[in-house]
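Participant:
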Amino acid sequence: MSTPPPPPPPPTGSPALTFHGVSMTYPDGTFAVDDTSFDVRPGEFVTVVGPSGCGKSTLLRMASGLTPPTTGSVEVDRKGLGYVFQDATLLQWRNVRSNVELFAELEGVDRAERSRRANEAIQLVGLSGFEDKYPKQLSGGMKMRASLARSLVLDPKVFLFDEPFGALDEITRERLNDELLDLFQRKQFAALFITHSIYEAVFLSTRVLVMSARPGRIVGDFQVPFAYPRSPELRFDAAFAELSGEVSHALRGAHA
Amino acid sequence: MNATGLEATRQQASLAGQPVPGEGLVSTKTTKRSVNDLYAFLGSTVAFIALWYLMHYWALEAIWGKPGFLITPPHRVIADSFLDGGERSKLLTALGFTTYVALFGLALAIVIGMGLAVAMAQANWLERSVWPYLVALQAIPIIAIVPIIGSIWGYGFKARIFVCVVISIFPIVSNTLFGLLSAERGQHDLFTLHHASRWTRLTKLQLPAAMPAVFTGFRIAAGLSVIGAVVGELFFKRGDKGIGIIMDAYRSRSVYPQTYGCLLLAAALGIAVFFFFGWLANVVVGRWHETTRKTG
Chain Z
20 MSTPPPPPPP PTGSPALTFH GVSMTYPDGT FAVDDTSFDV RPGEFVTVVG PSGCGKSTLL
80 RMASGLTPPT TGSVEVDRKG LGYVFQDATL LQWRNVRSNV ELFAELEGVD RAERSRRANE
140 AIQLVGLSGF EDKYPKQLSG GMKMRASLAR SLVLDPKVFL FDEPFGALDE ITRERLNDEL
200 LDLFQRKQFA ALFITHSIYE AVFLSTRVLV MSARPGRIVG DFQVPFAYPR SPELRFDAAF
260 AELSGEVSHA LRGAHA
Chain H
84 MNATGLEATR QQASLAGQPV PGEGLVSTKT TKRSVNDLYA FLGSTVAFIA LWYLMHYWAL
144 EAIWGKPGFL ITPPHRVIAD SFLDGGERSK LLTALGFTTY VALFGLALAI VIGMGLAVAM
204 AQANWLERSV WPYLVALQAI PIIAIVPIIG SIWGYGFKAR IFVCVVISIF PIVSNTLFGL
264 LSAERGQHDL FTLHHASRWT RLTKLQLPAA MPAVFTGFRI AAGLSVIGAV VGELFFKRGD
324 KGIGIIMDAY RSRSVYPQTY GCLLLAAALG IAVFFFFGWL ANVVVGRWHE TTRKTG
């Protein structure tokens with residue numbers, strides 16, 4: 020793979036998630052995010068990379084509505100919102116099936132329907148056969164799969180990921196990256212993904228945003244030209260290395 | 084295994100809907116431990132009985148210069164209290180009354196204590212204003228409030244129940260409250276994001292999360308409820324004669340074997356309710372709760 024594959028078609032349609040000049044200062048005076056604007060369209064996978072504590076997670080908290088921005092606004096239909104946090108945040112007293120059903124249950128989806136959707140989601144993330152296991156019996160990777168399935172049940176149009184694979188070992192992480200891309204292609208949601216792994220960012224995304232140290236603002240914006248489906252071998256491609264290098268460079272600049 | 088080989092395995096596994104290798108289940112082991120537990124139990128029992136005999140035959144006299152009969156040896160206690168049919172039925176009947184008061188009091192303490200904890204978990208100001216009184220309740224010597232209890236509840240059954248509740252309620256409130264507040268922030272976020280009502284949050288998040296702590300509270304309270312029932316009998320002697328009343332009567336007449344017999348029964352009751360709640364905790368939360376080791 021020495022010649023770069025044709026670039027993916029540019030995403031069409033109106034944005035599913037838009038940040039309009041968003042700033043965030045916490046009550047304790049922490050200036051977390053400064054005048055940030057960008058949007059994510061259906062079929063677009065946008066990843067934000069940045070140094071720790073640069074306000075990346077704040078972006079997601081604002082997108083989900085957990086924390087309202089100090090100035091500016093976030094436009095998103097929160098009805099169809101999925102999110103996966105760094106901790107799987109499964110409820111320890113529920114088995115996999117019942118954890119996966121949680122969001123549907125909170126949204127008042129009736130029992131038969133949510134059970135059907137849960138089965139489908141469990142199958143999709145490769146947890147079939149583990150429906151009756153409790154979180155304490157699962158490995159870190161399996162917990163993340165369950166957490167992913169929990170959101171899939173609502174068939175989200177916008178998916179937020181807050182360093183979901185940060186605590187996993189390299190092999191599990193790459194495997195879950197591959198599977199996440201499978202899902203992305205199948206479901207064509209708009210994804211906003213936070214990570215501090217440059218390789219993960221480049222491998223997954225259609226677009227990589229680089230955030231500066233606090234207060235976070237966007238200091239780099241890279242279109243990723245690789246077509247989907249992306250083979251795991253892409254990670255060893257020269258063009259992949261070159262783009263990763265550019266992102267890394269921008270990140271160092273941001274850090275300085 | 085190289086990267087491509089692993090990848091191929093992964094794809095096969097995913098396609099077949101099979102568990103993915105390298106992400107195995109975490110197993111829990113329960114081997115050998117039960118055997119060790121048995122040895123430890125037998126060992127401590129033998130040591131306890133040996134110490135008892137040692138006190139009777141040697142230590143009281145040799146160390147403190149007091150007569151050995153003050154601590155009746157175990158075989159005398161058993162013979163006088165439990166092998167004699169009349170005595171045995173008297174003691175067991177008394178134990179029955181005390182058990183009734185202890186369990187009734189414990190049930191009331193659980194209902195009131197958990198209700199109070201749920202209310203306190205809803206509002207910070209309520210928590211702060213109730214805490215000092217709960218701590219004070221623990222510190223109040225029952226004897227100081229005997230007249231007021233007696234004049235309100237009478238000097239019998241109701242007053243004993245009241246004492247039992249006062250003595251056993253604290254660990255239930257404190258453990259339930261601690262448990263309710265122990266749900267993780269990330270888990271709360273999930274409920275916030277889906278606009279869960281206070282009630283949904285309480286029943287689907289906070290109460291289940293509280294269960295391990297709640298059961299720890301029950302176990303502590305169970306032991307205290309037996310103490311409460313016995314202490315209650317010492318102050319409120321009207322009505323049925325429970326084990327505390329009988330024991331006090333034997334003690335005042337210096338009938339040591341039966342005094343110790345009563346003591347053994349009260350202790351056995353405490354141990355029984357303690358282990359019952361340990362067992363119940365295991366049934367209810369054992370499947371999902373991570374403990375470093377299981378007790379009870």
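Protein sequences, first through last, are from chains Z and H. The letter at position 117 of the first sequence is residue 136 when you use the numbering used here, and the numbering goes up by one with no holes. The letter at position 280 of the second sequence is residue 363 when you use the numbering used here, and the numbering goes up by one with no holes. Cβ atoms here follow ideal geometry from the backbone N, Cα and C, with glycine treated the same way.
Would you verify that the beta carbon of P291/H is, or is not, closer than 7 Å to some beta carbon of chain Z?
Facilitator: True, the Cβ-Cβ gap to chain Z drops below 7 Å.
Participant: Is the segment 261 to 275 of chain Z touching the segment 209 to 227 of chain Z in the sense that three or more CB pairs, one from each, lie closer than 8 Å?
Facilitator: Touching, yes, given that three or more Cβ pairs across the two stretches are closer than 8 Å.
Participant: Would you mind working out which of L79/Z, P46/Z, F50/Z sits nearest F57/Z, comparing C-alpha positions?
Facilitator: Measuring from the Cα of F57/Z, the nearest candidate turns out to be L79/Z.
Participant: Taking only the alpha-carbon atoms, compute the straight-line gap between V172/Z and G235/Z and give it to the nearest angstrom.
Facilitator: Spanning the two alpha carbons is a distance of roughly 33 Å.
Participant: For R370/H, which residues in chain Z fall below 7 Å Cβ to Cβ?
Facilitator: Per Cβ cutoff of 7 Å: Y153.
Participant: Check whether chain H comes within 7 Å of L78/Z, counting only Cβ atoms and requiring the distance to be less than that.
Facilitator: Closer than 7 Å: no.
Participant: The ligand ZN heavy atoms versus the CB of G239/Z: any closer than 6 Å?
Facilitator: As presented, the structure is devoid of all ligands, the ligand ZN included, so that no description of it is given.
Participant: Got a sec: is the Cβ-Cβ distance from H277/H to anything in chain Z below 7 Å?
Facilitator: True, the Cβ-Cβ gap to chain Z drops below 7 Å.
Participant: According to DSSP, S42/Z sits in a beta bridge with which residue or residues?
Facilitator: Note: S42/Z sits in a beta bridge opposite T90/Z.
Participant: Quick one: Cα of P34/Z to Cα of N365/H, how far?
Facilitator: Cα-Cα distance, rounded: 51 Å.
Participant: Identify whether T128/H lies in helix, strand or coil by the three-state DSSP scheme.
Facilitator: Here T128/H sits in helix by DSSP.
Participant: Using beta-carbon positions only, say whether G262/H and A296/H come within less than 7 Å of one another.
Facilitator: Yes, the pair counts as a contact, with Cβ atoms nearer than the cut-off.
Participant: Measuring alpha carbon to alpha carbon, tell me which of S251/H, T259/H, P291/H, P254/H ends up nearest Q270/H.
Facilitator: Among S251/H, T259/H, P291/H, P254/H, the Cα nearest to that of Q270/H belongs to P291/H.
Participant: Check the DSSP bridge columns for M230/Z and list the partner residues they point to.
Facilitator: Its beta-bridge partners are I237/Z.
Participant: If I measure Cβ to Cβ from G239/Z and keep anything under 6 Å in the same chain, skipping five residues before and after, which residues do I get?
Facilitator: Cβ within range, chain order: V229, A269.
Participant: In three-state terms, what does DSSP make of I154/H?
Facilitator: Three-state DSSP puts I154/H in coil, outside helix and strand.
Participant: Which residues, in chain order, does the segment 248 to 270 of chain H contribute to contact with chain Z at a C-beta distance below 8 Å?
Facilitator: Here the close residues are E267, G269, Q270.
Participant: Just how far apart, CA to CA, sit V59/Z and Q207/Z?
Facilitator: Roughly 12 Å separates the two Cα atoms.
Participant: Do K155/Z and E373/H have their CB atoms nearer than 7 Å?
Facilitator: Going by C-beta atoms, K155/Z is nearer than 7 Å to E373/H.
Participant: Apart from the five residues just before and just after Y339/H, which ones in its own chain have a Cβ nearer than 6 Å to its Cβ?
Facilitator: Answer for Y339/H: T155, listed in chain order.
Participant: Run through DSSP, which three-state label would G361/H get?
Facilitator: G361/H: helix per DSSP, three-state reduction.
Participant: Entirely within the segment 178 to 244 of chain H and at least 4 residues each: give me those alpha helix (DSSP H) ranges in chain order.
Facilitator: The qualifying runs are 207 to 222, 229 to 236.
Participant: According to DSSP, is Y153/Z helix, strand or coil?
Facilitator: In the structure shown, Y153/Z sits in coil (DSSP, three-state: anything other than H, G, I, E or B).
Participant: Out of K173/H, L153/H, I255/H, which has the shortest C-alpha to C-alpha gap to L191/H?
Facilitator: Considering only alpha carbons, the answer is I255/H.
Participant: How is F12/Z classed by DSSP in three states: helix, strand or coil?
Facilitator: Because chain Z here runs from 20 to 275, residue 12/Z falls outside it and cannot be looked at.
Participant: Does the segment 188 to 206 of chain Z come within contact of the segment 115 to 135 of chain Z, defined as at least 3 CB pairs closer than 8 Å?
Facilitator: They do not touch, by the three-pair rule.
Participant: On the DSSP bridge assignment, give the partners of D58/Z in chain order.
Facilitator: Its beta-bridge partners are T37/Z.
Participant: If you check the beta carbons only, do C247/H and G168/H fall under 7 Å apart?
Facilitator: No, the pair does not count as a contact, with Cβ atoms beyond the cut-off.
Participant: Would you tell me roughly how many angstroms separate the C-alpha atoms of F66/H and I303/H, rounded to the nearest one?
Facilitator: Not covered by the structure: residue 66/H. The range shown for chain H is 84 to 379.
Participant: With DSSP collapsed to three states, give me the class of D53/Z.
Facilitator: Three-state result, D53/Z: strand.
Participant: In angstroms, rounded to a whole number, what distance separates the CA positions of Q289/H and F212/Z?
Facilitator: So the two alpha carbons sit approximately 30 Å from each other.
Participant: Could you tell me the distance, in whole angstroms, from the CA atom of D129/Z to the CA atom of V119/Z?
Facilitator: Near 14 Å, if we compare the C-alpha coordinates of V119/Z and D129/Z.
Participant: Out of S231/Z, G84/Z, G62/Z, which one is the CA nearest neighbour of D53/Z?
Facilitator: The shortest C-alpha separation from D53/Z is found at S231/Z.
Participant: Tell me, to the nearest whole angstrom, how far the beta carbon of P183/Z is from that of V103/Z; I am working on the premise that it is less than 8 Å.
Facilitator: Yes, P183/Z and V103/Z are in contact; Cβ-Cβ is about 4 Å, under 8 Å.
Participant: Look at the alpha carbon of H39/Z and the alpha carbon of K162/Z, and state the distance between them as a whole number of angstroms.
Facilitator: For H39/Z and K162/Z, the distance between alpha carbons rounds to 34 Å.
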